[in-house]
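Asker: Take this structure, written in structure tokens, and hold onto it; I'll ask about it next.
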Amino acid sequence: MMELLRCEFKKTRRRYITLTTLGITGVELAWVLYGDYNPDMLRTGWMMFLYQMPLYNALFIPILAMVISSRLCDLEHKGVMFKQLCSIMPKGKLYDAKLLYGLGMMWISVIVSWIGLILFGIVKGFEGALPIRLYLFYLLFTLVPATVLYVFQHTLSMLFRNQAVAFFTGIIGEFLGVFSMFLSQIPFLRSILIWGSFGVLQFVGMYGWTNETRMSTVYYEVMDIDWLYCVALAAAGMVMYLIGRKLFCESEG
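Once you know that position 51 of the sequence shown is 50 in numbering that gives the first Met the number 0, the rest is easy, because the numbers rise by one and skip nothing.
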């Protein structure tokens, strides 16, 4: 497997996948961190990030998954190389190698973003100690949906030569996922969409905001964590992996 991963690196090192990953991550961080931080925002900064980030992740992580999975498979699809590669190695190993390589890029993005948030809060002077336990929960609840989402996008990119299929599906799913996060009265909608899982696993709520007082009366509270959903999502990701791998192994391409 390590040899296959090295081959993936050599094939893609001039396609700037890592640079693209870091670029998208940088855009997300710039969007999140930009602004004037008044004393009220400095007072609640650590919790504010935990409240805001699931929405930003629902916007940027699906885009990242679409771009990485498409770039990793585009070369083989354009050159009709899958048949040649699969004649010298098992299809399942090829599927796994590309999946692990792409997941590595996704995990790098999530971890860089996580570290960036913490460093910014320290440098900016957020009040109080860093709630490291909550930030570790946030990291977990970002990695799990990102991994499941990437498995889904990876399967589409491997199965369909026309990458527009994967992009169209991803864009529609992202729109529905973000839209579901604004429909708190219909919680099951985000639960059935992998793109809405960032909202389901959001565990910090904002209270006290009004048009008159705005941030001066805002406070954040930790809500109940849906551990059962997290486990179910991880299990669903495993099922997607098994089905996707089987479909690719049985495909003609």
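Ideal Cβ positions, reconstructed from N, Cα and C, are used throughout, including at glycine. No experiment lies behind these values; they were computed from the predicted model shown.
Please identify the residue among 101, 39, 114, 47 whose C-alpha is closest to the C-alpha of residue 15.
Answerer: 101
Asker: What's the call for residue 237, buried or exposed, on a 16-neighbour Cβ count within 10 Å?
Answerer: exposed
Asker: At which residues does the alpha helix (DSSP H) containing residue 177 begin and terminate?
Answerer: Segment 162-179, the alpha helix (DSSP H) holding residue 177.
Asker: Please determine whether the Cβ atom of residue 168 lies at a distance below 7 angstroms from any heavy atom of the ligand SAH.
Answerer: This structure lacks the ligand SAH, and indeed carries no ligand of any kind.
Asker: Is residue 128 close to chain B? Criterion is C-beta to C-beta, closer than 8 angstroms.
Answerer: Of the chains in the structure shown, none is chain B; there is only one protein chain.
Asker: Tell me where the alpha helix (DSSP H) around residue 157 begins and ends.
Answerer: 131-158
Asker: I need the boundaries of the alpha helix (DSSP H) containing residue 222, first residue and last residue.
Answerer: Residue 222 -> no alpha helix (DSSP H), and no H or E assigned at all.
Asker: Tell me where the alpha helix (DSSP H) around residue 206 begins and ends.
Answerer: In the DSSP assignment, residue 206 falls outside any alpha helix (DSSP H) and within the unbroken beta strand (DSSP E) covering 203-206.
Asker: Among the residues of its own chain, which have a CB less than 8 angstroms from the CB of residue 51, if the five just before and after it don't count?
Answerer: The answer, listed in chain order, is 31.
Asker: The alpha helix (DSSP H) spanning residue 235 covers which residue range?
Answerer: Start and end: 226-249.
Asker: At the level of alpha carbons, what is the spacing between residue 105 and residue 145?
Answerer: 7 angstroms
Asker: Any idea what DSSP makes of residue 37, helix, strand or coil?
Answerer: coil
Asker: Let's test the definition: count the other Cβ atoms within 10 Å of the Cβ of residue 18 and tell me whether it reaches 16, buried, or not, exposed.
Answerer: exposed
Asker: Ignore the nearest five residues each way along the sequence and tell me which others in residue 58's own chain have a CB closer than 7 angstroms to its CB.
Answerer: 177
Asker: Closest to residue 230 by C-alpha separation, out of 167, 199, 180, 174, would be which residue?
Answerer: Distances from the CA of residue 230 to each of 167, 199, 180, 174 were compared; the closest alpha carbon is that of 199.
Asker: Spatial neighbours of residue 190 within its chain, please: CB distance less than 6 angstroms, with the 5 preceding and 5 following residues excluded, ordered by chain position.
Answerer: 199
Asker: Between which residues of its own chain and residue 173 is the CB-CB distance below 8 angstroms, once the five residues before and five after are set aside?
Answerer: 57, 58, 61, 62, 194
Asker: Go ahead and pull the three-state DSSP assignment for residue 191.
Answerer: Here residue 191 sits in coil by DSSP.
Asker: Measure the C-alpha to C-alpha separation of residue 107 and residue 196 and round it to an integer number of angstroms.
Answerer: 20 angstroms
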